[in-house]
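Chemist: Just so it is clear: in the sequence shown, position 27 is 15 by this note's numbering, and no numbers are missing.
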Amino acid sequence: MLRIGYISAVLNLATAMVSFMRFGSNYALAIMISYTLMFFLGYRLLRSKSNLALIPLLTVSCSFLMYNVVYVLLKQINLVDLYAVDWRLEVQLLLPLLIGLLLKAILERSGKSRLV
């Protein structure tokens, strides 16, 4: 699972660079890079923990990657700038964190997962 987190972090950085080169948005670049570095730091801090401890961070990181890919696609077709909307933090961070914590709680309670 840690490998998936590292791959997600690298893809987030690649998306940030594509976004900056294509659109020149410094604000989006700063957000993408700073969040990705925080995710990477989180993976480094949690690498000695169980796989269940990684689930919330991995959920947020993968959802952040999907949000950035959708941002680049929608910005490319000039439909909407997802970094200019008011609900960005809720969709980008809070909702995936809640889903990750819920998934972790379900896996802990079931005890039948290979992750436990």
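Cβ coordinates follow ideal geometry from the N, Cα and C atoms, glycine included.
If you measure between the beta carbons of Lys63 and Phe11, is that distance less than 9 Å?
Modeler: Within the sequence shown, residue 63 is the residue found at index 75, counting from 1. Within the sequence shown, residue 11 is the residue found at index 23, counting from 1. Yes. Within cutoff.
Chemist: With Trp88 as the anchor, note down where its alpha helix (DSSP H) starts and where it stops.
Modeler: Working through the sequence shown from its first residue, we reach residue 88 at position 100. It is worth fixing the name first, because residue 88 is Gly in this sequence and not Trp. Gly88 -> alpha helix (DSSP H) spans Leu83 to Ser98.
Chemist: To which residues of the same chain is Gly170 closer than 7 Å at the C-beta, ignoring the five residues directly before and after it?
Modeler: Residue 170 falls outside the range modelled here, since the chain spans only -11 to 104, and no answer is possible.
Chemist: Taking its Cβ as the centre, do 16 or more other Cβ atoms sit within 10 Å of Tyr15, making it buried, or is it exposed?
Modeler: Residue mapping note: residue 15 aligns to position 27 of the sequence shown, counting from 1. Per the 10 Å Cβ criterion, exposed.
Chemist: Under the assumption that Leu17 contacts Ala4 (Cβ atoms under 8 Å), give the Cβ distance between them as a whole number of angstroms.
Modeler: Numbered from its first residue, the sequence shown carries residue 17 at position 29. Numbered from its first residue, the sequence shown carries residue 4 at position 16. Contact holds; Cβ gap of about 6 Å.
Chemist: What's the gap between the Cα of Ile(-5) and the Cα of Ala72?
Modeler: On the sequence shown, position 7 is the one that residue -5 refers to. On the sequence shown, position 84 is the one that residue 72 refers to. The straight-line gap from Cα to Cα measures roughly 27 Å.
Chemist: Go to Gly(-7), then tell me how far its alpha helix (DSSP H) extends in each direction, as first and last residue.
Modeler: Taking the first residue of the sequence shown as position 1, residue -7 is located at position 5. Run containing Gly(-7): Leu(-10) to Phe11, per the alpha helix (DSSP H) assignment.
Chemist: Cutting at 7 Å between CB atoms, please list the residues of its own chain near Tyr23, excluding the five before and the five after it.
Modeler: Sequence index remark: in the sequence shown, residue 23 carries index 35 (1-based). So the list reads Phe52, once near-sequence residues are dropped.
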